[in-house]
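Undergrad: This is the structure, below, for whatever I ask next.
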Amino acid sequence: MLTTIIYRSHLHEHVSLKMLEEMVAAANIKNGQASVTGILLFNGTHFFQLLEGPEERVDAIYQAICADTRHYNLVELLRDYAPLRRFGKTGMELFDLRNYDREAVLQTVFDKGTTRYQLTYGDRALQFFQTFVEDGAKEYYYEIPPADAWEFVVEGTAVALPSAVFDTPSDYRFAFQPIVDPFAREIVAVEALLRTRDGGSAQTWFEQQGGEDIYRADLHSKKVAFAMAAALKIGPQTLSVNLLPMTLIKVANAVEFIVQAIKENGLVPEQVIVEFVESEVISHLAEFTQAVKLLKGAGIRVAIDHFGEGYGGLVLLTQFQPDRIKINRALIADVHKSGSRQAVVQAIIKCCISLEIAISAVGIEKAEEWMWLESAGISQFQGYLFARPDLQGIPPVAWPEKRDERV
Ligand code: C2E
Ligand code: MN
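Numbering (the working numbering) for the sequence shown: -11 to 395.
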């Protein structure tokens, strides 16, 4: 299948124009053997390359390009299929945009093309060319430093709760994970995550519960989450807990139960955020928003978790606005390398800014993911990069420190 990949990247300063020409000459031979063609645009700082050919060959060459240390901040912009090559003449041609007149340059690039129709019919790949040549998306080129520019330094020690001191229920516990603002060096909240007694995941625990009981069990477990948080001395810290949306709908007086459990443990409703996964919200929206009124009326804040992963997506925000939304790893994994993830995350951020909804990103494992998201405007993060959930305890946070700025 004829596959097209387009990416953009940033040339490393140590690479000279001569090295660049040699690189292209080598690529030409390699690509020619693999029946891969394309064009490489260069504007003095950034590359923009289109690769076309049989899928496996294009993939193999693209992998090698990704690993090449002569450029960095590589972002995949397009991966698509087409009946004919757009640039079928050579293995790889370097086209230095600086040598051409601004008005004529796009046409000159297109003149190198080998198909006529795509130009006429608004082909996505060629639209990307136009945007690059005209510097159209420059404000989204976040130039993030390499991962090793940061060192993550653990500060403090875990606050743990030996099981002997705490009267734990027979079949579950909670793990706690901080949500942090790394630049402000502040823990903005702590999330209680359900675990089986031996530390298994929330999902495992839910699978062990039967039928309708899961909603009651979900609700009742929160009493333990609040008690554990209080025993861990969270003080006035914000505490996030998760609930299935159906728990609010199916269990009578669920909100009263929550409020009571908060107060019994010396906490206040204003410090609590209840997180709901989006997928179930949308199918019972009317009942859900009704139940949410009661939560809000009691002073409790509401977050939509795993935003964008269910069927709701952005339409949900037209019908119901939570206090916060959380985007998870499904959306943000390797966001620094993916044009499509970047576009979707940017759209969500834009909505949240307009609606004054706080936004946080969950499942941050890489420094580059964190840095890209900071550049895009997110400041609250939760993930293994900063702290892993700690069973019956609150883990210390590994704060980022710029290597060359350390004293
Ligand atoms: P969530 O609310 O988005 O919780 C974050 C999940 O991501 C947790 O998984 C956490 O362990 C995991 N995580 C955190 N940082 C990273 C990271 O850097 N990389 C990766 N790969 N994962 C990371 P966990 O505890 O298995 O929970 C999964 C989901 O189960 C939660 O997602 C939440 O939706 C649900 N859940 C957890 N506790 C409860 C609960 O008490 N009630 C209800 N209804 N659902 C719960
Ligand atoms: Mn959550």
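For every residue, glycine included, the Cβ atom is placed at its ideal position computed from N, Cα and C.
Fair warning: this is a prediction, and the values are worked out from it, not measured in the lab.
Could you tell me the alpha carbon to alpha carbon distance between D84 and K6, rounded to whole angstroms?
TA: Taking the straight line from one Cα to the other gives about 13 Å.
Undergrad: With C-beta atoms as the reference, is F374 less than 8 Å away from P166?
TA: For F374 and P166, yes; Cβs fall inside 8 Å.
Undergrad: In chain order, what residues have a CB nearer than 5 Å to some heavy atom of the ligand MN?
TA: Having a Cβ closer than 5 Å to some heavy atom of the ligand MN are N230, E263 and D293.
Undergrad: Label Q115 either buried or exposed according to how many other C-beta atoms from any shown protein chain fall within 10 Å of its C-beta, with 16 as the threshold for buried.
TA: Exposed, since its Cβ has fewer than 16 Cβ neighbours within 10 Å.
Undergrad: Can R446 be considered in contact with the ligand C2E, in the sense that its beta carbon sits closer than 7 Å to one or more heavy atoms?
TA: Residue 446 lies beyond the stretch modelled for the chain, which goes from -11 to 395, so this question has no answer here.
Undergrad: Among the candidates E195, S348 and H324, whose CA atom is the shortest distance from the CA of H(-2)?
TA: If we check each option's Cα against that of H(-2), H324 comes out closest.
Undergrad: Since A180 and F162 should fall inside the 8 Å C-beta cutoff, what is the C-beta to C-beta distance between them, to a whole number of angstroms?
TA: With a Cβ gap of about 5 Å, A180 and F162 count as contacting.
Undergrad: Going by the DSSP bridge assignment, what does P166 pair with across the sheet?
TA: According to DSSP, P166 bridges with V178.
Undergrad: For R90 and A321, what's the separation of their Cα atoms in angstroms?
TA: Approximately 37 Å between the Cα atoms of the pair.
Undergrad: Would you say the beta carbon of G371 comes nearer than 7 Å to a heavy atom of the ligand C2E?
TA: Yes; taking the cut-off as 7 Å, the Cβ of G371 has a heavy atom of the ligand C2E nearer than that.
Undergrad: If you run the structure through DSSP and keep just helix, strand and coil, what is R312?
TA: Three-state DSSP puts R312 in a strand.
Undergrad: With the cut-off set at 8 Å, would you say Q441 and I(-6) are in Cβ contact?
TA: Since the first residue shown for the chain is -11 and the last is 395, residue 441 is missing from the structure and cannot be characterised.
Undergrad: Quick check on the DSSP output: what are the complete beta strand (DSSP E) runs of length 3 or more inside the segment 17 to 51, in order along the chain?
TA: Correct list: 25 to 30 and 34 to 42.
Undergrad: Tell me which residues share the same chain as H2 and place their Cβ nearer than 6 Å to its Cβ, disregarding the 5 neighbours each side in the sequence.
TA: Counting only Cβ-Cβ distances below 6 Å, and skipping sequence neighbours, we find nothing.
Undergrad: In this structure, does DSSP put Q380 in helix, strand or coil?
TA: Residue state, collapsed to three classes: coil.
Undergrad: Short of 7 Å in beta carbon distance, which residues of its chain neighbour K211, apart from the five on each side in sequence? Order them along the chain.
TA: The residues are A249.
Undergrad: Count the C-beta pairs between the segment 334 to 341 and the segment 297 to 314 that are closer than 8 Å, then say yes if the count reaches three, no if not.
TA: Result yes; three or more Cβ-Cβ pairs closer than 8 Å.
Undergrad: For the beta strand (DSSP E) containing P388, list its first residue and its last residue.
TA: V385 to K390 is the extent of the beta strand (DSSP E) around P388.
Undergrad: To the nearest angstrom, report how far apart P388 and A240 are at their CA atoms.
TA: C-alpha separation (whole angstroms): 45 Å.
Undergrad: Which residues share a DSSP beta bridge with D186?
TA: None; D186 has no bridge partner.
Undergrad: Is any heavy atom of the ligand C2E found at a distance shorter than 7 Å from the C-beta of D201?
TA: No.
Undergrad: Please tell me whether, using a cut-off of 7 Å, the distance from the CB of G187 to the nearest non-hydrogen atom of the ligand C2E is below it.
TA: Flag unset: Cβ of G187 not near the ligand C2E.
Undergrad: How close, in whole Å, do the beta carbons of A291 and R317 come, if the pair is a contact with beta carbons under 8 Å?
TA: With a Cβ gap of about 16 Å, A291 and R317 do not count as contacting.
Undergrad: Can you tell me which of A137, A14 and E44 puts its alpha carbon nearest to the alpha carbon of L82?
TA: With distances taken between Cα atoms, L82 lies closest to A14.
Undergrad: Using CA atoms only, rank isn't needed, just tell me which of K354, P134, P42 and V24 is closest to T57.
TA: Cα-wise, what sits closest to T57 is P134.
Undergrad: Could you check the C-alpha separation between G298 and A346 for me, to the nearest Å?
TA: Straight-line Cα distance between these residues: approximately 19 Å.
Undergrad: Expressed to the nearest angstrom, what Euclidean distance is found between the alpha-carbon atoms of A286 and V229?
TA: One C-alpha to the other measures close to 16 Å.
Undergrad: Please classify Q106 as buried or exposed, where buried requires at least 16 other C-beta atoms within 10 Å of its C-beta.
TA: The residue in question, Q106, is buried, as its Cβ has 16 or more Cβ neighbours within 10 Å.
Undergrad: Spatial neighbours of H272 within its chain, please: C-beta separation below 8 Å, excluding the five flanking residues on both sides.
TA: Closer than 8 Å at the Cβ level, and outside the excluded window around H272, lie P233, M234 and I237.
Undergrad: When burial is assigned at 16 or more other CB atoms within 10 Å of the CB, is Y128 buried or exposed?
TA: Y128 should be labelled exposed.
Undergrad: Grouping DSSP H, G and I as helix and E and B as strand, with all else coil, what is D293?
TA: Note: D293 maps to strand in three-state DSSP.
Undergrad: Could you check what DSSP says for T277 in three-state terms: helix, strand or coil?
TA: Helix, per DSSP.
Undergrad: Buried or exposed, going by whether 16 or more other CB atoms sit within 10 Å of the CB of V141?
TA: Burial call: exposed.
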